[in-house]
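Asker: Structure incoming, see below.
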Amino acid sequence: MNPQTSQPPAAPFSPAMLARFAKEVAKFPPEQKQSAVIACLTIVQHERGYISQDSEKQVAAYLGMPPIAVHEVTTFYNMFNQAPVGKYKLSVCTNLPCQLRGGQDALEHLERRLGIKMGETTADGLFTLQQSECLGACADAPVMLVTDRTMCSFMSNERLDQLIDGLRAAEDAAAAEVK
Numbered sequence: 117m118n119p120q121t122s123q124p125p126a127a128p129f130s131p132a133m134l135a136r137f138a139k140e141v142a143k144f145p146p147e148q149k150q151s152a153v154i155a156c157l158t159i160v161q162h163e164r165g166y167i168s169q170d171s172e173k174q175v176a177a178y179l180g181m182p183p184i185a186v187h188e189v190t191t192f193y194n195m196f197n198q199a200p201v202g203k204y205k206l207s208v209c210t211n212l213p214c215q216l217r218g219g220q221d222a223l224e225h226l227e228r229r230l231g232i233k234m235g236e237t238t239a240d241g242l243f244t245l246q247q248s249e250c251l252g253a254c255a256d257a258p259v260m261l262v263t264d265r266t267m268c269s270f271m272s273n274e275r276l277d278q279l280i281d282g283l284r285a286a287e288d289a290a291a292a293e294v295k
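Below is the structure:
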């Protein structure tokens with residue numbers, strides 16, 4: 117284990133990941149390859165589920181930049197996970213426009229429904245709940261982002277319940293298929 121982070125050391129990047137990095141780096145002039153840092157971190161997260169400090173160091177070495185500069189990017193954007201999260205990360209906007217239209221209520225409803233607090237993951241590993249900064253859809257408030265990819269708007273308690281039920285049903289169907 118890494119004594120500073122209590123995380124196991126990250127495996128070296130696979131040739132496939134390095135090929136994806138190279139494709140992103142090629143979009144920039146050679147002297148500006150650090151501009152691909154967000155793309156490279158996104159690739160790491162997609163492959164590994166989160167970005168450990170060891171992975172940050174590997175990205176820094178690949179891009180020729182100080183590890184602290186990569187860490188600053190990872191910690192600035194809440195789309196990056198620094199620890200393992202559930203299969204579905206539910207990011208509820210709690211900025212003022214969403215607050216005024218039920219954002220905090222949506223977050224509290226999900227806490228009750230899932231039996232976890234913000235920042236926690238359900239025991240089955242399916243859901244991680246977090247608050248989010250503005251998602252840029254204030255007119256559709258309250259809004260949330262599912263696993264950093266799918267925007268959900270007008271999230272009433274009924275719609276939140278439908279979302280959770282639908283995701284659980286999809287998981288149950290996938291598990292039944294495997295059997």
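Positions 117 to 295 (my numbering) are the ones given, in order, by the sequence shown. Just so it is clear, CB atoms sit at the ideal spot from N, CA and C, and this is done for glycine as well. In this text, all values refer to a predicted model and were calculated from it rather than measured experimentally.
(1) Would you list, in sequence order, the uninterrupted beta strand (DSSP E) runs of no fewer than 3 residues that lie entirely inside the region 200-262?
(2) Spatial neighbours of residue 166 within its chain, please: CB distance less than 7 Å, with the 5 preceding and 5 following residues excluded, ordered by chain position.
(3) Secondary structure at residue 181, three-state DSSP: helix, strand or coil?
(4) Taking Cβ positions, are residue 231 and residue 258 nearer each other than 9 Å?
(5) Ordered along the chain, which non-local residues of its own chain (more than five positions away) have a Cβ less than 6 Å from that of residue 171?
(6) Here's a check: name, in chain order, each residue in its chain whose Cβ is nearer than 8 Å to the Cβ of residue 268, leaving out the five neighbours to either side.
(7) Would you check if there are 3 or more beta carbon pairs closer than 8 Å linking the region 288-295 to the region 240-248?
(8) Tell whether a beta-carbon distance below 9 Å holds between residue 128 and residue 174.
(9) In whole angstroms, give me the CA-to-CA distance for residue 227 and residue 208.
Answerer: According to the data block:
(1) Runs found: 204-209, 243-248 and 260-262.
(2) Working through the sequence shown from its first residue, we reach residue 166 at position 50. Beyond the five residues adjoining it in sequence on each side, residue 166 comes within less than 7 Å, by CB distance, of 197, 198, 199, 200 and 201 in the same chain, given in chain order.
(3) For the purposes of this step, residue 181 is identified with residue 65 of the sequence shown, where counting begins at 1. Three-state DSSP puts residue 181 in coil, outside helix and strand.
(4) The count along the sequence shown starts at 1 and reaches residue 231 at position 115. The count along the sequence shown starts at 1 and reaches residue 258 at position 142. Not in contact: residue 231 and residue 258 (Cβ atoms no closer than 9 Å).
(5) Translated into positions along the sequence shown, residue 171 becomes position 55. Correct list, in chain order: 126 and 160.
(6) Translated into the one-based positions of the sequence shown, residue 268 becomes position 152. Answer for residue 268: 259, 260, 261, 262, 275 and 279, listed in chain order.
(7) No: fewer than three Cβ pairs fall under 8 Å.
(8) Within the sequence shown, residue 128 is the residue found at index 12, counting from 1. Within the sequence shown, residue 174 is the residue found at index 58, counting from 1. It is a contact, given that the beta carbons lie within the stated cut-off.
(9) Residue 227 sits at position 111 when you count from the first residue of the sequence shown. Residue 208 sits at position 92 when you count from the first residue of the sequence shown. Their Cα atoms are separated by approximately 11 Å.
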